[in-house]
Each structure stands twice: as structure tokens, then as C-alpha cells.
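Numbering (this note's numbering), first residue to last: 32 to 487. For every residue, glycine included, the Cβ atom is placed at its ideal position computed from N, Cα and C. Below is one structure, written out as C-alpha cells; comments come after it.
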Amino acid sequence: MPRKKTRKKSRNIARGNNFVTVLSMNDDRLAKTIRQIISFQKGDWDLLMDVLQNSFVYRVERISKGIGKPPRIVHAPNGLLKKVQRKILNRFLSEIPTHSARHGGGQKGTSNKTNALEHQDNAYAFSTDIMNAFPSILRSRVRACLKPHLKRVLYQFRPLVFEFEEKRDPREKPTCDGDIVLEGLIDLLVFDDRLPQGPPSSPRLLDIVSYKMDCDLWRLAQESSNLGDEYVYTAYVDDLSFSSAVPIPEEVQQKMLTIVRDNGFHPHHSPEKTKYHGPDTGSHPVITGILIRDGMMHLPTRKQNQLRARLHNLNVAKEAWSDNERGEAAGLLGFIRQIYPLDSHRKLPSKLKDQVLFSENRLQQRKVVVSETPFGIPVAEEDVITKVCQNNPSISDFNALAVSTRVGWTSHSGIPFTGTITERFPDKPHLAQVTYLSKGGKRCGTRLKCQRLAVL
Numbered sequence: 032m033p034r035k036k037t038r039k040k041s042r043n044i045a046r047g048n049n050f051v052t053v054l055s056m057n058d059d060r061l062a063k064t065i066r067q068i069i070s071f072q073k074g075d076w077d078l079l080m081d082v083l084q085n086s087f088v089y090r091v092e093r094i095s096k097g098i099g100k101p102p103r104i105v106h107a108p109n110g111l112l113k114k115v116q117r118k119i120l121n122r123f124l125s126e127i128p129t130h131s132a133r134h135g136g137g138q139k140g141t142s143n144k145t146n147a148l149e150h151q152d153n154a155y156a157f158s159t160d161i162m163n164a165f166p167s168i169l170r171s172r173v174r175a176c177l178k179p180h181l182k183r184v185l186y187q188f189r190p191l192v193f194e195f196e197e198k199r200d201p202r203e204k205p206t207c208d209g210d211i212v213l214e215g216l217i218d219l220l221v222f223d224d225r226l227p228q229g230p231p232s233s234p235r236l237l238d239i240v241s242y243k244m245d246c247d248l249w250r251l252a253q254e255s256s257n258l259g260d261e262y263v264y265t266a267y268v269d270d271l272s273f274s275s276a277v278p279i280p281e282e283v284q285q286k287m288l289t290i291v292r293d294n295g296f297h298p299h300h301s302p303e304k305t306k307y308h309g310p311d312t313g314s315h316p317v318i319t320g321i322l323i324r325d326g327m328m329h330l331p332t333r334k335q336n337q338l339r340a341r342l343h344n345l346n347v348a349k350e351a352w353s354d355n356e357r358g359e360a361a362g363l364l365g366f367i368r369q370i371y372p373l374d375s376h377r378k379l380p381s382k383l384k385d386q387v388l389f390s391e392n393r394l395q396q397r398k399v400v401v402s403e404t405p406f407g408i409p410v411a412e413e414d415v416i417t418k419v420c421q422n423n424p425s426i427s428d429f430n431a432l433a434v435s436t437r438v439g440w441t442s443h444s445g446i447p448f449t450g451t452i453t454e455r456f457p458d459k460p461h462l463a464q465v466t467y468l469s470k471g472g473k474r475c476g477t478r479l480k481c482q483r484l485a486v487l
């Protein structure tokens, strides 16, 4: 009997008892301070307060990770809350330092590829995942990490004074201005007093909270290194990795797991998530889903099968991709081309080659045709022919337009153009290939639609 497919389930939830502090800010001076810190307009802020008080602000999605595994719970914020979370990320959280071993999340210029690249020259690796990394971070940990930085930020508003109560019971309502601003900011970042997975600010907060753990693990890597045998430590969100050119002793592996526990996290107990790779185990290192073999990065066979299947489904589902499907295809191809770049000597794996090349060809065909126009503005395939020249006054139907007919159109940017039809398409009678001259006298071409013909 075939296995029953699991489906992603979602449901809306109300705000419950969240956002208590930010909604009870009777003093507009404190709300204005938060708006100034994150550069948020008052009109948007007032609308946000109304949404927090009267509407659903998170959509809970339970995403299946396979049969027998608990689902991944994602809290997707609504548009306005997501906007303010991005503001907090860009204007406040991004200024708080994180460890240099961190990749992904809020670290610009990093990805799972740059994370794996750090381990490229090592044949041995020990990796573990943090169990429920986001919801395991409580409001108290977020408060402890943000409070010192907020004090420095609030200093700019002097002579206004924002006092903090040093030994405040977190269960009690804050009374000092500094504590109210702090709790108001945290209200916008956590849900049910835990860090949710889904908001754009959460990965950066995870990196910030993990700073001490990263320092401890980095120190362990340095202390375990010998002359010529250096250990490498990196972290990608909740994925922690040690690697070395020599075997990693069991003692070092256990010390790594102990450090994770001592910092309030729980390493995954699954052998798929906490695993040692090396020649003595008969397996090559797999770091953040990328296989390291012979000093080069590869996609594991299982990942290749997943990518091939998804591209195949996209290619056979419809003749034309929707915008979402086109974006998904571009994302999958971008991930593959990170490992197998077009401009390198490396060849695509045989499992992926046909689907990748076919998908890239489909994307290329749908790209906007960009040309040098007299105004430096590109002409798009979606532009529409609206006029024909005066020596063809009898033409009033697009089907009658022939090769060599002079036509005019207004671009998507509002600029008028004229050109000559060079080709018609029997299978696509609503389109015509048109050539025109650029500002440098270069002949350019684009494919146009037609409606509402008139004489030039």
C-alpha cells in the first residue's frame, strides 16, 4: 500500500496575552523613542497598534518533516508586523556583534556555501543540530542580550533619561522608562515569551543569543588544535560543525556537546543530526547539506534526487510558470549553481544535468529583453503595440500586420518607441518580433503584444 502523503497544515491564531507592554504605552514619548530607534513612521505605528489589538498577527504553519518526525512549527507574521521586525533587524539588531564563526542569518555575504567552504580542506568533521533552537530561547535570554545595547542606544537621547531597574521581577509590569522601551521592543520580537521561527528578526536574535556558546566552542577548537592540525569551527543558524585534517577524538566531541548544553541548548540526539564523518567511518563530511570530498564541494545523492524531483515537477506541471513557480525554479537553480558554477570547469552531476539545463532554458526564454533605448530604459516583452504607420491606413486588426510594417508602442516606463516588425509567430498570433535602433545606432529586438490599433 502506498504511503499516504503528509500535508502542510496551517491555522490562524489570535494575539492572546502578547504585546501587553507595547500596547499599554500611554506615554507617546516612549513610543516615539522606539519609532526613532527603528525609523518607523507614526502613521504606520498607529496602524500596527490597531492590528496588534484587534487582528490575527501570526499564522502558525506545521510543516511535515517526514513520517514519524514531529512537524516544524513556523510562525509567519502578518505584513505590518513583519515590516516592523525588519526595521528592528536593520536598525537595531544588526548593530549588535555576533561571532565571526557565524554564517547565514543576519550575516551579510554568508550562506550555507560559505559555511561549508571553511571546512573544504578537512577530511574529518563532527556536526550537531540544536533541538528546537528558536523556541528554546526564552524572553529572559532575549532581554539579557538586548538590554546592554539598548542602554547605549538610548544614551543618544540625552538630556532625556531612561532609567532601568537593575533587579526587576520580570513577572511584574515594568515601571522605569528604560524597561518599558525594552519590553516594548521585545513584545514585537517574541511570541508566547519564546523566540518564534518565521519572523525575519529571529535568525539574527539566535546568533546574538548564541554569542557566548560560539566563544566557548571557538576556544575549544583552538585548545584542541596542534601544530599543523588546526580545528575549524563554524555555525549556520542551528547547525554547529567542527572539522580537522586529523581524526577528532571522542573526548573533543563530548566536550563540544557539553558546551552546547551548558549554554542552555540541547544538541540533537538523532544520529542523522549529530554525526561524525571521516575516512575511518567510511563517509565524507556533510556540512550544512553540502558534501566535502577530495577538497571540493558536492551535492549529496539524496539532495540531488530531491532537487531533480522538484525541478521535474515544475517542468511537467504547466506549459507556463507562474511568478511563484518561476521564483522557486530560480532559487533551486541558484542553489545548484553555487556548487557547480557556470564559469567553472566542474560539470553538473548526471542526475541533475537534464533538468537543470531545461529549467535554465525556460527561465532564459522568459527573461525581459533588455536593450539600450534612447533614454537608457529597457524595453520589455510585456509592452504593447498600439499604433501602425500612416502608409498602412487599412490595417485595423493585429492579424493583418505583416513583416516590414512600421509600428509604434509606449514602453512600460511611459516612453514612446517606433520600430519594424521582422517576424510573426503562427503558434502565437498575439505576438510580433520588432526591431528598433538604440541611442548608439545599434539594432535591437524585442517581442511585443498588440491592442487598440490606431494610425500613427
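Secondary structure of residue i, DSSP reduced to three states
i    : result
G326 : coil
K243 : helix
R379 : As written in the sequence, residue 379 is Leu, which differs from the Arg given in the question. Note: L379 maps to coil in three-state DSSP.
T159 : strand
P405 : Low local confidence applies: a pLDDT of 37 at P405 is under 50, so the model's placement there is unreliable, with the coordinate-based value given in what follows. Correct three-state label for P405: coil.
E412 : With a pLDDT of 46 at E412, under the threshold of 50, the predicted position of this residue should be treated as unreliable, though the coordinate-derived value follows. Three-state result, E412: coil.
Q464 : strand
V173 : helix
P234 : helix
E197 : coil
E454 : strand
K480 : strand
R189 : coil
I168 : coil
V82  : helix
P424 : Confidence at P424 is low in this model, with a pLDDT of 48, below 50, so its placement is unreliable and the value that follows should be read with caution. Reduced to three states, the DSSP call for P424 is coil.
G365 : helix
P15  : Only positions 32 to 487 of the chain appear in the structure, and residue 15 is not among them; the question remains open.
T449 : strand
R183 : helix
T441 : strand
E203 : coil
V399 : Confidence at V399 is low in this model, with a pLDDT of 39, below 50, so its placement is unreliable and no value can be given for it.
V91  : strand
F389 : helix
From the options, residue whose alpha carbon lies closest to that of residue i
i    : options                : result
L124 : R478, Q369, S233       : S233
L120 : D325, P230, F456, P316 : P230
S171 : W352, D224, P190       : D224
Q67  : P101, V115, S86, E92   : V115
A252 : L213, M287, T436, P128 : M287
G99  : S301, R235, G209       : S301
N163 : E303, P298, I65, G135  : P298
W76  : Q464, G97, G110        : G110
S256 : A348, V277, I239       : V277
A463 : C475, P457, T451, L479 : L479
Y371 : R339, A340, N392, M327 : M327
I94  : S353, Q228, S435, L373 : Q228
T477 : T451, L185, V283, L373 : T451
H150 : K139, Y267, S275, G135 : S275
A351 : G136, E92, N392        : N392
Whether residue i touches residue j by CB criterion (9 Å)
i    : j    : result
F165 : L226 : yes
L394 : A361 : yes
V105 : V173 : no
L383 : L342 : yes
R133 : T332 : no
C176 : Y242 : yes
K178 : L148 : no
T449 : G439 : yes
I168 : L236 : yes
K204 : F195 : no
A107 : Y89  : yes
N336 : Q386 : no
F193 : T64  : yes
D238 : H329 : no
K118 : F188 : no
S390 : L432 : no
N153 : P310 : no
R60  : L191 : yes
Y13  : Q284 : The displayed coordinates of the chain run from 32 to 487. Any statement about residue 13 would go beyond what the structure contains.
E254 : V184 : no
Does the contact criterion of 3 or more C-beta pairs under 8 Å hold for the segment 246-257 versus the segment 286-298?
Yes: the two stretches touch, three or more of their Cβ pairs being nearer than 8 Å.
Using 8 Å as the Cβ pair cut-off and three pairs as the minimum, do the segment 135-154 and the segment 320-337 touch?
Touching, yes.
Just checking, does the segment 207-217 make contact with the segment 51-64 on the three C-beta pairs under 8 Å criterion?
Between the segment 207-217 and the segment 51-64 there are three or more inter-stretch CB-CB distances shorter than 8 Å, so the stretches are counted as touching.
Counting Cβ pairs, one atom from each stretch, are 3 or more of them under 8 Å apart for the segment 269-277 and the segment 152-159?
The segment 269-277 vs the segment 152-159: in contact.
Stretch-stretch touch, CB-based, cutoff 8 Å, three pairs: the segment 201-212 with the segment 84-103:
Taking one beta carbon from each stretch, the segment 201-212 and the segment 84-103 have fewer than 3 pairs nearer than 8 Å; the two do not touch.
Taking only runs that begin and end inside the segment 237-310, name each unbroken beta strand (DSSP E) of 3 or more residues, in chain order.
Qualifying beta strand (DSSP E) stretches, in chain order: 263-267, 270-275, 306-308.
Which whole runs of the alpha helix (DSSP H) in the segment 96-163 are 4 residues long or more, in chain order?
The qualifying runs are 110-122, 143-148.
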